Amino acid sequence: MKLALIFPGQGAQSIGMMDALATEFPQVRARFEMASEALGFDLWRLVQEGPAETLNATANTQPALLAASVATWDVWVACGGARPALLAGHSFGEYSALVCSGSLEFSAAVSLVAARGRFMQEAVAPGAGAMAAVLGLELPVLLEVCRDASAAGIAQCANLNAPGQIVLSGDTAGVARAGELAKSRGAKKVIPLSVSVPAHCALMTPAAERYREQVEATHFSVPMIPVIHNVDVAAHDDPGEIRRVLIDQLANSVRWQETIELFAAKGVTHAFECGPGKVLGPLVKRCASGMATASLATPDDLRAALNTGV
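The numbering of the sequence shown is the working numbering, which starts it at 44 and goes up by one.
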């Protein structure tokens with residue numbers, strides 16, 4: 044058996060997340076206290092009490108999910124969980140993977156993702172961007188849809204999550220037109236997403252340019268566990284290459300289906316979701332039906348995963 048750990052991105056957050064784990068494991072509050080110190084405000088209080096619209100602002104969501112996912116890793120390690128052979132994070136979750144790999148110090152990661160979220164938020168005026176999940180169409184068809192919608196505005200394939208599950212991102216008019224065209228070409232559903240920024244599309248290019256300085260000033264070490272990156276579906280040992288793919292990630296697609304297919308090709312038998320929510324497991328099953336999945340989000344989930352014998 045061969046284990047990979049996967050880390051969720053935006054959308055996994057919720058008011059009250061991590062409360063169940065925190066009642067049993069002091070590592071959770073300790074990790075949030077470290078994040079709060081770096082940020083200058085009480086992150087745990089925001090996560091537990093809200094308001095939801097403040098937590099869901101990208102500049103807050105990213106540090107909150109980073110702390111939650113790394114705290115879950117702390118608990119997994121403290122409980123004697125197996126060392127994974129590979130790591131990967133969905134979109135922003137890549138930063139959680141880098142921290143857990145030993146490549147990026149946690150406090151530096153908190154500062155980095157807070158800046159990342161702020162630059163993303165400031166790149167597009169509120170209401171000017173949109174994202175939508177398209178179910179039931181494959182990538183070649185959706186690429187044509189985005190090209191055909193370009194007269195209305197920007198629409199790009201942002202998250203290549205699984206067969207028949209791709210997220211579009213762009214400006215409001217472009218994504219709306221692409222959604223109409225997708226339905227006309229047989230999409231089962233087009234689901235608008237409640238997000239504050241249109242991630243992983245050309246509208247994030249200004250954010251990527253602003254972010255470059257922050258990333259290049261941050262120290263990265265050679266990962267002790269390989270991290271498969273979103274942009275090129277590859278692991279990197281060179282800190283310069285890690286910086287490059289993190290900058291490129293902002294305005295380019297998350298190639299999640301290919302990531303899970305690479306896991307399968309490398310013999311991964313189990314993929315455990317290390318963080319709040321249970322978003323990634325179903326995507327894994329659609330990409331590699333024989334791969335076992337589990338969540339580590341609650342004490343019961345954790346105990347069940349520890350008992351799999353991995």
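Beta carbons are placed, not taken as given, at the ideal position from N, Cα and C, and that holds for glycine.
Treat the numbers as computed from the prediction; the structure is a model and nothing was measured.
Less than 8 Å between the CB atoms is what I'm expecting for residue i and residue j, so what's the real figure, rounded?
| i | j | result |
| --- | --- | --- |
| residue 93 | residue 58 | 5 Å |
| residue 196 | residue 175 | Not really, about 13 Å apart at Cβ, beyond 8 Å. |
| residue 200 | residue 296 | 6 Å |
| residue 202 | residue 134 | 7 Å |
| residue 89 | residue 107 | 7 Å |
| residue 235 | residue 329 | Rounded, the Cβ-Cβ distance is 21 Å, inconsistent with contact. |
| residue 81 | residue 153 | 4 Å |
| residue 305 | residue 274 | Rounded, the Cβ-Cβ distance is 13 Å, inconsistent with contact. |
| residue 336 | residue 63 | Contact flag wrong, Cβ pair sits at about 19 Å. |
For residue i and residue j, what's the separation of their Cα atoms in angstroms?
| i | j | result |
| --- | --- | --- |
| residue 184 | residue 191 | 11 Å |
| residue 166 | residue 293 | 11 Å |
| residue 242 | residue 163 | 8 Å |
| residue 148 | residue 237 | 31 Å |
| residue 112 | residue 260 | 24 Å |
| residue 211 | residue 302 | 19 Å |
| residue 120 | residue 127 | 11 Å |
| residue 117 | residue 315 | 14 Å |
| residue 136 | residue 194 | 33 Å |
| residue 114 | residue 85 | 16 Å |
| residue 213 | residue 168 | 12 Å |
| residue 156 | residue 45 | 30 Å |
| residue 87 | residue 50 | 19 Å |
| residue 269 | residue 280 | 8 Å |
| residue 348 | residue 123 | 11 Å |
| residue 101 | residue 161 | 7 Å |
| residue 352 | residue 311 | 14 Å |
| residue 251 | residue 139 | 19 Å |
| residue 343 | residue 73 | 21 Å |
| residue 286 | residue 298 | 18 Å |
| residue 278 | residue 99 | 30 Å |
Helix, strand or coil for residue i, going by three-state DSSP, please let me know.
| i | result |
| --- | --- |
| residue 194 | coil |
| residue 235 | strand |
| residue 55 | coil |
| residue 44 | coil |
| residue 336 | strand |
| residue 49 | strand |
| residue 150 | helix |
| residue 93 | coil |
| residue 212 | strand |
| residue 200 | strand |
| residue 268 | coil |
| residue 145 | coil |
| residue 217 | helix |
| residue 345 | helix |
Should residue i go down as buried or exposed, given a rule of 16 or more other Cβ atoms within 10 Å for buried?
| i | result |
| --- | --- |
| residue 220 | buried |
| residue 159 | buried |
| residue 256 | exposed |
| residue 350 | exposed |
| residue 104 | buried |
| residue 97 | exposed |
| residue 248 | exposed |
| residue 346 | exposed |
| residue 69 | exposed |
| residue 267 | exposed |
| residue 78 | buried |
| residue 265 | exposed |
Measuring CA to CA, which of the options is closest to residue i?
| i | options | result |
| --- | --- | --- |
| residue 52 | 75, 342, 349 and 318 | 318 |
| residue 321 | 335, 339 and 154 | 339 |
| residue 228 | 151, 179 and 275 | 179 |
| residue 308 | 334, 324, 289 and 323 | 334 |
| residue 48 | 61, 186 and 271 | 271 |
| residue 132 | 264, 204 and 224 | 204 |
| residue 324 | 278, 300 and 346 | 300 |
| residue 258 | 230, 44 and 288 | 288 |
| residue 91 | 253, 101 and 66 | 66 |
| residue 95 | 181, 207, 55 and 310 | 55 |
| residue 246 | 182, 170 and 312 | 170 |
| residue 187 | 223, 161, 173 and 172 | 223 |
| residue 172 | 123, 336 and 240 | 240 |
| residue 125 | 342, 71, 102 and 313 | 313 |
| residue 354 | 284, 250, 110 and 244 | Given that the chain is displayed from residue 44 to residue 353, the structure contains no residue 354 and the question cannot be resolved. |
| residue 76 | 61, 110, 251 and 60 | 110 |
| residue 327 | 100, 208, 61 and 181 | 208 |
| residue 233 | 254, 177, 252 and 218 | 177 |
| residue 230 | 74, 182, 198 and 253 | 182 |
| residue 244 | 344, 290 and 343 | 290 |
| residue 218 | 198, 225 and 254 | 198 |
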